[in-house]
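This report refers to the structure that appears directly beneath it.
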Amino acid sequence: MIFIFSCQNEVINPDQSYSFFVAGHTYGQPWIDHIGLYPPFQQKFDLINTRNASLGFLTGDIVKKGTEKNWNEVDSVLTYLDAKVFYIVGNHDLTDRELFENRYGSTYFSFEKHKDLFIILDPNMDHWNISGMQLDFLKETLMNTADTRNIFVFFHQLLWWDKNNKYQFVRMNSMEGRADTINFWDEIIPLFKEIKKPVAMFAGDMGAVNWSDSYTYDFDSILNITFIGSGMGNEDSDNFIIAHVSDSGCVDYELIALNGDDIHALGKLEDYQLPTEYPIKKEWLNYGD
1 MIFIFSCQNE VINPDQSYSF FVAGHTYGQP WIDHIGLYPP FQQKFDLINT
51 RNASLGFLTG DIVKKGTEKN WNEVDSVLTY LDAKVFYIVG NHDLTDRELF
101 ENRYGSTYFS FEKHKDLFII LDPNMDHWNI SGMQLDFLKE TLMNTADTRN
151 IFVFFHQLLW WDKNNKYQFV RMNSMEGRAD TINFWDEIIP LFKEIKKPVA
201 MFAGDMGAVN WSDSYTYDFD SILNITFIGS GMGNEDSDNF IIAHVSDSGC
251 VDYELIALNG DDIHALGKLE DYQLPTEYPI KKEWLNYGD
């Protein structure tokens, strides 16, 4: 259940440990219109509350279509959680970008909690690129990290995937909107590498269909960056993640299974091994969910 990717020795305050959850593709199955969020996920709200999660991050495809009705339903069911929940937009959430921004504000922003920096990004703005004003925002945010312990970054798409790198066989739900080349490895990753802080990046476009993996994990020791993807909807290995941050900055991850009685049925997140081939053909790359 536990993996420690960073552990600063400085103790901020012995009672300032905290937890947060990360859940991807929470509208669930593409072929069903649920009220609110994916029911198996909603059934874990009591668990999330007992874990004392103070923050929550829905990493995109929160709703099947961005309508007033759907957003009202999501807002309503989330009142059962004690955590403050943040929306990270996916392609489905932005069928009406103006509506989303009028309700919730900017789709990229940052905040701090106990010397940990949280950054929310929106790759939908430029075909999976972080560019323009959003890139300026990111650079400015990372300039002020001298006293930061951990950096947590959230976006919908698996930006670290590339057809020619070690993540090429990780199967996501969709490549909708992706440019042939994106600036993640050439321009974004160097920004994080330069500041030499422990970083964890979370994506949520996984697990909705049978050609998509339900989660992925990799710690790159050279970059000091952990890449985590997770999602739900396929009814097989549906999952979400709870991160526990100690008062000294240690981060432990708990992989929560939605199906069955054993919430740890999927094992330890850090035991995941990157695939070295496709279990099926590449037709999944053209799917639009």
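Take the sequence shown: its position 134, counted from the start at 1, is 134 in this note's numbering, and no numbers get skipped.
We put the beta carbon where it would ideally sit given N, CA and C, even for glycine.
- With distances taken between CA atoms, N173 lies nearest to D213 out of D213, V74, K197 and I188.
- The C-beta distance from F202 to I225 rounds to 11 Å, too long to fall under 8 Å, and the pair is not in contact.
- By the neighbour-count definition (other C-beta atoms within 10 Å, threshold 16), N210 is an exposed residue.
- Around the beta carbon of E140, a 10 Å sphere encloses fewer than 16 other beta carbons of the protein chains shown; the residue is thus reported as exposed.
- Inter-residue distance for K64 and N70 is about 8 Å (C-alpha atoms, whole angstroms).
- Boundaries of the alpha helix (DSSP H) harbouring F137: G132 to L142, taken from the DSSP string.
- For A146, the closest of L117, F137, L138 and W160 by C-alpha to C-alpha distance is L117.
- Along the length of the segment 177-239, whole beta strand (DSSP E) runs at least 3 residues long occupy 199-203, 215-220 and 225-230, reported in chain order.
- By DSSP's assignment, L255 forms a beta bridge with I241.
- When secondary structure is reduced to three states using DSSP, S76 falls in the helix class.
- Taken through DSSP and simplified to helix, strand or coil, Y87 comes out as strand.
- Look at I48 here: in three-state DSSP terms it is helix.
- By the CB criterion at 8 Å, I119 and I151 fall inside the cutoff.
- Secondary-structure assignment with DSSP links G249 through no beta bridge to anything.
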